[in-house]
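A.B. asks: I have a structure here, written as structure tokens, and I will follow up with some questions on it.
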Amino acid sequence: MEIASKYNPSASEDKWYKYWMDQKLFHSEPDEREPYTILMPPPNVTGVLHMGHMLNNTIQDILIRRARMMGKNACWVPGTDHASIATEAKVVNRLKERGIDKKDLTREEFLEHAYEWTDEYGGIILKQLQKMGASADWDRKYFTMDEDRSEGVIKSFVELYEKGLIYRGVRMVNWDPAALTALSDEEVIYKEQQGKLYYLRYKIEGSEEYVTIATTRPETILGDTAVCVHPDDERFTHLKGKKVIVPLVNRVIPIIQDEYVDMEFGTGCLKITPAHDVNDYEIGMKHNLKVIDIFNDNGTLSEAAELFVGEDRFEVRKSIIPTLEEAGNIVKIEDYNNKVGYSERTHVAIEPKLSAQWYLKMDEISKPALENVMNDTVQFHPAKFKNVFRHWMENVKDWCVSRQLYWGHQIPVYYLEDNTFVVAETKEKALEMAKEKSGNANLTIADLRQDDDVLDTWASSWLLPFTGFEKPEDLAYYYPTSDLVTGHDIIFFWVARMIIAGYEFKGELPFKNVYFTGMVRDKQRRKMSKSLGNSPDPLDLIDKYGADSVRIGMLFCSPAGGDLLFDESQPEQGRNFANKIWNAFRLVKGWEIDDTIEQPESAKQAIAWFDAKLDQTIETLDDHFSKYRISDALMTVYTVFWQEFSSWYLEAIKPAYQKPLDAATYKATCEFFDKMLRILHPFMPFLTEELWQALEERKEGESIMTVDMPTVSGADASLLDKFEMLKEAVGGVRNVRKGKNIPMKDALALNILSGDGFSDYFNPILTKLANLSELNMVNEKVEGAISFMVRTSEYFVPMDGLIDVEEEIKKLEKELAHQQGFLKGVMKKLGNERFVGSAPEAVVAKEKQKQADAEAKIKTLTESIANLKK
RNA sequence: GGGCGAUUAGCUCAGUUGGUUUAGAGCACUUGGUUUACACCCAAGGGGUCGGGGGUUCGACUCCCUCAUCGCCCA
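Okay, structure coming up:
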């Protein structure tokens, strides 16, 4: 059979993905097996695959494929998120390009455009996930705004309202003047910004005196309703009870006192604009101040401002300065850095604004979630995120769930003519309630006005662990889900709220484990971004290196919770590994098999050893997976395949050039290969399927995806240490060859003076791998030979006196010095009575063993040096 | 300003409740090697006073304090 010398991923990827789909291998239905469920964090419906998705979904696919092979009923539920504000912003932009203004559209018309957009772009990302090999159950694909999900969202709102947990409140919110909607605190990003600090003086009423305040937002003086000083500030005690005049608008406002004021900052005198600053608002409430809202929703100045009406807030900040200057109110202007909040979605500066919104009370319902994360009922990996979580949960604020958008679940609140309202799942139900409430039996649906607002996107996605399952029997079987894999950046947006919802609505946790991924950054630790051009397209990488290579490339260095510094050398390393596996397969399949020849001893031993090695590897792998150390698990299979299997095992059994291999060894090797492919499969699904299918004749419908993961077989573990000694011996001979420039094809003789724990078990392999003409056990040192030590045994390669005595002595003395230094350290410990007295016995015994070994080596080395010096 | 975390080889990271030979891995680097699966390869090698200082202990990369630097979250 002729096999290409390089693996060609593109040829096999589409083929096997189609095969898996045709065979319905991703699909799960409840049965008697233990379920293993992952809810895929839904990407935005109009999104495209980026490196973050790639990392995230690779990890999920690894977990789900492994669980499937471990006999569980694995179900990975995919879907897309309507992403209300993000999608609406995109639709608004596209309409603008077509010359359409959102304002000119009715809600229905706008939604038509939005659906058109989602139909066009929606689901592209799911197709892209298939390219990377995602084994999700596509038959269960959901959309957060489809009928089933919407029903769940509305139901939950009504339920929470009826429990008294939802209320309407006028509060200071984060207002996005571009999207014209309120945002939750989590949707605001604070950025350091270079600005100015303006010192403005306000005339005191009935006096020629002034007070000076400092502000970063001079335009807001138009909304000032007080000036505030600290009660203990002696500089201002004489102003108590006086009033000042707001510049330009000449409004008379009181001077109040409050401990909130920082005496050190600015002039110690603070202007209060309750409508446009959260802290000012609170002070305003406390002191019963008037609230003057000087901004329109879009960030221009309103009639209430009296001046600059209709102009943009940032324009006014500039143009008000000369006006103030002219009026003699500017004292000085300083450079000042402060933090300004920006909308996560539209990137405009948010405006604190008073507004009526719907809130969900968080304090009570978040308690079970906090408790069950802290006691590890829900486990976080890595656990350090528990602290972050606790901090947020202990200071949780009520959740503003309403958004002034069209794209989303419209709030099920229906207003009557008199502005009282009812909350119901359907219009019909609402009408019934309204009739009862008003006592008017003649009301019709047309008399009810549904609230214009929609719900925050997260108010639908926090329910997904259960609304993700439509049939009750599915929900009963799959819920709670097993693992959640997501970025730590949405721990509050999503993870915390899902846990809250799980306990609130189901009385049970939504998932048992949360694996947090880091962010994918470039080598300079910069975030991946379009403008920097440092964000590779995962699909291009898949084209270039193959999906398996990109998958494992991402994982080589991706600790849980830590950022992944991506570089193209990583998929390249992945490709190299894929090729290594490919070529090992090519080697094995290329051998001619002869079932009449006897199995060599060396092969028998190599098989016994590798059996034990594989056993140990499976144990290590299980341990890594149990701790969610995915990178370590990958590195384990990487090393075992490349180092142990390819470089040691295959070399040990390899027949001489153009000689056949015995049938028994071939059979064992194919079994090993089969097992190696299985443990590799979750990481590299395509290549392993390709080779597994080629390893032997398979029946239609068979797949490596559904065979069992190898389990620990109880192999002889003592062989492992003996083999490590063999490796050292082979290395020793290689060093001799290198030092003397003796090519591999010239056979050498080797004599061994055995020490403690020596085993000759692997001598046949040693003979083969070191290319020895003879291998003898001796009772005394060999003259005229180059020597090296493995543990306490001494190995001699006779050189017919062709050795450089000086060099040999130097080499041995160096080793001697090292051993003596080591012994000194050991003796220092053992010489310390307090150590011997207080350390555990086992530790002391270990030190004594070290001492004995070191002394034996020193003795041998000293003698050898003396011999050479003779 | 408050909180959380990090600092170990050139880079990215392990190092599990303090004691497994005087700290490990991958990549990178240096040297040598190609008729015999793979140069997307094989073999060998160099490289770290575990951020600085102090403390606890018989013993500290590991625990405590402090300083420095960086990152993240929240205000």
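Residues in the first sequence are numbered from 6 upward in steps of one, following the numbering used here. Glycine is no exception: its CB is placed at the ideal position from the N, C-alpha and C atoms.
Between which two residues does the beta strand (DSSP E) holding LEU448 run?
C.D. replies: Segment: none, LEU448 is in no beta strand (DSSP E) and carries neither H nor E.
A.B. asks: Which residue from GLY304, MET290, LYS291 and PRO279 puts its Cα closest to that of ILE297?
C.D. replies: The option with the nearest alpha carbon to ILE297 is PRO279.
A.B. asks: Run the CB neighbour count on LEU882, radius 10 Å, all protein chains shown included, and call it buried at 16 or more, exposed below.
C.D. replies: This structure cannot speak to residue 882, because the chain is shown only from 6 to 875.
A.B. asks: Considering PHE516, what are the terminal residues of the beta strand (DSSP E) in which it resides?
C.D. replies: Residues 516-522.
A.B. asks: In the DSSP assignment, find the unbroken beta strand (DSSP E) run with THR42 in it and report its ends.
C.D. replies: Residues 40-44.
A.B. asks: With 16 other CB atoms within 10 Å as the buried threshold, where does ALA752 fall?
C.D. replies: So ALA752 ends up on the exposed side.
A.B. asks: What residues are listed by DSSP as bridge partners for SER407?
C.D. replies: Paired residues: LEU460.
A.B. asks: Could you please give me the residues that DSSP links to ASN781 through a beta bridge?
C.D. replies: ASN781 is bridged to ASN756.
A.B. asks: Leaving aside the five residues before and after LEU725 along the sequence, list all residues of the same chain whose C-beta is less than 7 Å from its C-beta, in chain order.
C.D. replies: Excluding sequence neighbours, LEU725 sits near ALA617, LYS618 and GLN621.
A.B. asks: Hey, could you find the ends of the beta strand (DSSP E) PHE801 is sitting in?
C.D. replies: Start and end: 798-803.
A.B. asks: With a Cβ-Cβ cutoff of 8 Å, do PHE561 and LEU639 count as a contact?
C.D. replies: Cβ distance < 8 Å, so PHE561 and LEU639 count as in contact.
A.B. asks: Spatial neighbours of GLU125 within its chain, please: CB distance less than 7 Å, with the 5 preceding and 5 following residues excluded, ordered by chain position.
C.D. replies: Excluding positions up to five away in sequence, the list is empty.
A.B. asks: Between PHE582 and TYR643, what straight-line distance do the alpha-carbon atoms span, to the nearest angstrom?
C.D. replies: The straight-line gap from Cα to Cα measures roughly 8 Å.
A.B. asks: Whose C-beta lies closer than 6 Å to the C-beta of MET367 among residues of the same chain, with five residues either side of it excluded?
C.D. replies: Within the same chain, MET367 has close Cβ partners VAL401, ASP403 and TRP404.
A.B. asks: Just reading off the alpha helix (DSSP H) that ILE335 is part of, what are its end residues?
C.D. replies: Note, ILE335: premise wrong, no alpha helix (DSSP H); beta strand (DSSP E) at 335-348.
A.B. asks: For ARG502, collect the residues of the same chain with a Cβ closer than 7 Å to its Cβ; drop the 5 residues on either side in sequence, then sort them by chain order.
C.D. replies: Taken in chain order, the residues that qualify are TRP463 and TRP467.
A.B. asks: If I measure Cβ to Cβ from GLU694 and keep anything under 6 Å in the same chain, skipping five residues before and after, which residues do I get?
C.D. replies: Correct list, in chain order: TRP21 and ILE709.
A.B. asks: Which residues does DSSP pair with CYS80 in a beta bridge?
C.D. replies: Bridge partners of CYS80: THR42.
A.B. asks: Applying the 10 Å Cβ sphere with the 16-neighbour rule, what's the burial state of TYR61?
C.D. replies: Rather than Tyr, the amino acid found at residue 61 in this sequence is Asn. With 16 or more other Cβ atoms within 10 Å, it is buried.
A.B. asks: Can you check which of these residues, PHE497, ARG530 and PRO543, is closest to PHE521 by C-alpha distance?
C.D. replies: Closest by alpha carbon: PHE497.
A.B. asks: In the DSSP assignment, what are the bridge partners of ALA2?
C.D. replies: Nothing about residue 2 can be read from this structure; the chain reaches only from 6 to 875.
A.B. asks: From which residue to which residue does the alpha helix (DSSP H) around VAL393 run?
C.D. replies: Run containing VAL393: 390-399, per the alpha helix (DSSP H) assignment.
A.B. asks: Does the beta-carbon of HIS118 have 16 or more other beta-carbons within 10 angstroms, so that it is buried, or is it exposed?
C.D. replies: HIS118 comes out buried.
A.B. asks: Please look up how many angstroms separate the CB atoms of ARG796 and GLY760, rounded, as I've assumed it's under 8 Å.
C.D. replies: Contact holds; Cβ gap of about 6 Å.
A.B. asks: Taking the beta carbon of ALA435 as the centre, do at least 16 other beta carbons fall within 10 Å, making it buried, or is it exposed?
C.D. replies: When all chains shown are included, ALA435 counts as buried.
A.B. asks: In chain order, what are the residue ranges of uninterrupted alpha helix (DSSP H) at least 4 long that sit wholly in the region 114-147?
C.D. replies: You should have 129-136.
A.B. asks: Under 8 Å between the Cβ atoms of TYR633 and VAL428?
C.D. replies: For TYR633 and VAL428, no; Cβs fall outside 8 Å.
A.B. asks: Quick one: residues in its chain with C-beta nearer than 8 Å to the C-beta of PRO665, no 5 flanking neighbours on either side, listed in chain order?
C.D. replies: Correct list, in chain order: TRP596, GLU597, ILE598, ASP599 and ILE602.
A.B. asks: Pull up the DSSP beta-bridge partners for ARG173, would you.
C.D. replies: Paired residues: TRP363.
A.B. asks: Check whether the Cβ of ASN343 sits closer than 7 Å to any heavy atom of the ligand ATP, and report yes or no.
C.D. replies: With respect to the ligand ATP, the structure shown offers nothing to examine, as it has no ligands at all.
A.B. asks: State buried or exposed for GLY52, treating a residue as buried only when at least 16 other CB atoms are found within 10 Å of its CB.
C.D. replies: With 16 or more Cβ atoms within 10 Å of its Cβ, GLY52 is classed as buried.
A.B. asks: Counting C-beta neighbours from all protein chains within 10 Å, is the total for PRO40 16 or more, i.e. buried, or is it exposed?
C.D. replies: Under this definition PRO40 is a buried residue.
A.B. asks: If you compare alpha carbons, which of ASP181, TYR215 and SER189 is closest to ASP302?
C.D. replies: Residue ASP181 is the option with its Cα nearest to ASP302.
A.B. asks: Looking at the structure shown, is TYR550 part of a helix, part of a strand, or coil, going by DSSP?
C.D. replies: Looking at TYR550 - three-state DSSP - the assignment turns out to be helix.
A.B. asks: SER792 by DSSP, collapsed to three states: which one?
C.D. replies: SER792: strand per DSSP, three-state reduction.
A.B. asks: How many whole angstroms separate the CB atoms of LEU774 and GLU656, which I take to be in contact at a CB cut-off of 8 Å?
C.D. replies: About 6 Å separates the two Cβ atoms, so the contact holds.
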